[in-house]
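Just so it is clear: in the sequence shown, position 125 is 246 by my numbering, and no numbers are missing. Quick reminder that beta carbons are idealized off the backbone N, C-alpha and C, glycines included. Heads up: the structure comes next, in structure tokens.
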Amino acid sequence: MTVRVSVLTLQPAPYETLHERWRRIEELGFDGIWVADGLAELGGALAFDAWAVLGGLAQATSRVRVGTLVSTVTLRHPAVLAKAAQTIDHISNGRLDVGIGLGDPVDRRTLGIAEWSTDERIGRLIETLQIADGLLRGEDVSYEGTYYRCTLRIAPPRQRPRPPLLVAANGPRAIAVAARFADIWNTLGGQPEGDLDPVPLSEALGRTRRQLELLEEACGRLGRDPHSIRRSMLAYRVRPPLFASVGRFEDVIGRYRELGIDEFIVTWPGVITRSPQQEAVLELTAAEVLPRLRS
122 MTVRVSVLTL QPAPYETLHE RWRRIEELGF DGIWVADGLA ELGGALAFDA WAVLGGLAQA
182 TSRVRVGTLV STVTLRHPAV LAKAAQTIDH ISNGRLDVGI GLGDPVDRRT LGIAEWSTDE
242 RIGRLIETLQ IADGLLRGED VSYEGTYYRC TLRIAPPRQR PRPPLLVAAN GPRAIAVAAR
302 FADIWNTLGG QPEGDLDPVP LSEALGRTRR QLELLEEACG RLGRDPHSIR RSMLAYRVRP
362 PLFASVGRFE DVIGRYRELG IDEFIVTWPG VITRSPQQEA VLELTAAEVL PRLRS
């Protein structure tokens, strides 16, 4: 597959700033723009709702793919999620990727939801994907699961048979779910989730290699071609940061490409990692490295 490099912008900025940022990312030649979906705001900063702001993102741009990284099983019933996705796919003229994942325990605590067992989290993810898949194909869905019920049909989105589904999955059971449902599998590139400290690059690469093996094994059990799934990496936990220098970016991306990762999602400089030269490096990377990655 062709290598793609996209940007996760998050939303802790005035809307006018986000609008300018999205247009600049598209001008620089990146392939996609993702927004985060969650209730928690970084340091109490203003952060807009993901699906509401996607409408603005879709109208501010004309070429890039757009999507959530990721919508979670905590915040929305699958039918509500599918309806939002159908709407944005039409607004964007068929440029939506629908990112779905297990969710952040912070949002569950915020909503007063008791901690779910691993079985329940995986079960909710499976049921969400089953319902969303059917609805986004324009099917009559009559579903009664352990966690969700739905009787509904919605008009199909712009993309056929439906917008691509991205499944964020880092553990073995979630990776098996991705093998079953995902058009795009997303990993943290072997870095731990949550507040745990990042691990050295060599260790992260080894963990990613094992994740890819798990994905291929799960596809084998399902009789699915593993290369039909795009392999995507959210690269915000790499240390030193990707945008420490152009050379650092190219070196790290090259190592993960050798493993089989074909989409890299970076964060807009200053949102998570702060370094004064990062925005300049991002622009240099777009000018110098992106053309080489695509050649």
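Asked: Reference L405; option with closest CA among F370, R279, R415, S416; Found: F370
Asked: Straight-line gap, Q180 to D152 (C-alpha atoms, nearest Å); Found: 16 angstroms
Asked: Boundaries (first-last residue) of the alpha helix (DSSP H) holding R270; Found: Looking at the DSSP string, R270 is not in any alpha helix (DSSP H); the run it does join, the beta strand (DSSP E), is 270-273.
Asked: Beta strand (DSSP E) segment containing Y357, residue limits; Found: Premise fails: Y357 is in no beta strand (DSSP E) and is neither H nor E.
Asked: Sequence-distant residues of its chain with Cβ nearer than 7 angstroms to T123 (five each side left out); Found: R415
Asked: Cα-Cα separation, L190 to R413; Found: 26 angstroms
Asked: First and last residue of the uninterrupted alpha helix (DSSP H) at V156; Found: Not the alpha helix (DSSP H): V156 falls in the beta strand (DSSP E), residues 153-156.
Asked: Per DSSP, the bridge partner or partners of L217; Found: V187
Asked: Those residues which DSSP pairs with A289 across a bridge; Found: N307
Asked: For T329 and L380, the rounded distance between their alpha carbons; Found: 8 angstroms
Asked: Beta-carbon gap between A206 and P278 smaller than 8 angstroms; Found: yes
Asked: C-beta atoms of V185 and I221 nearer than 8 angstroms; Found: no
Asked: Spatially closest choice to M354 from H140, Y269, D210, R378, by CA coordinates; Found: R378
Asked: First and last residue of the uninterrupted alpha helix (DSSP H) at I209; Found: 199-212
Asked: Coil, strand or helix - L129 by DSSP; Found: strand
Asked: Cutoff 8 angstroms; reference V373; Cβ partners in own chain excluding five residues on either side; Found: L322, A356, V359, L363
Asked: Between the CA atoms of Q398 and V410 - distance to the nearest angstrom; Found: 17 angstroms
Asked: Segment contact, 8 angstroms Cβ cut-off, at least three pairs: the segment 290-299 with the segment 225-234; Found: no
Asked: Beta carbon of L202 nearer than 8 angstroms to that of S192; Found: yes
Asked: DSSP three-state assignment for T388, whether helix, strand or coil; Found: strand
Asked: First and last residue of the uninterrupted alpha helix (DSSP H) at S263; Found: From DSSP, S263 is part of no alpha helix (DSSP H) but of the beta strand (DSSP E) over 262-265.
Asked: DSSP state of T195 mapped onto helix, strand, coil; Found: coil
Asked: For Y269, the nearest candidate out of A173, R242, R144 (CA to CA); Found: R242
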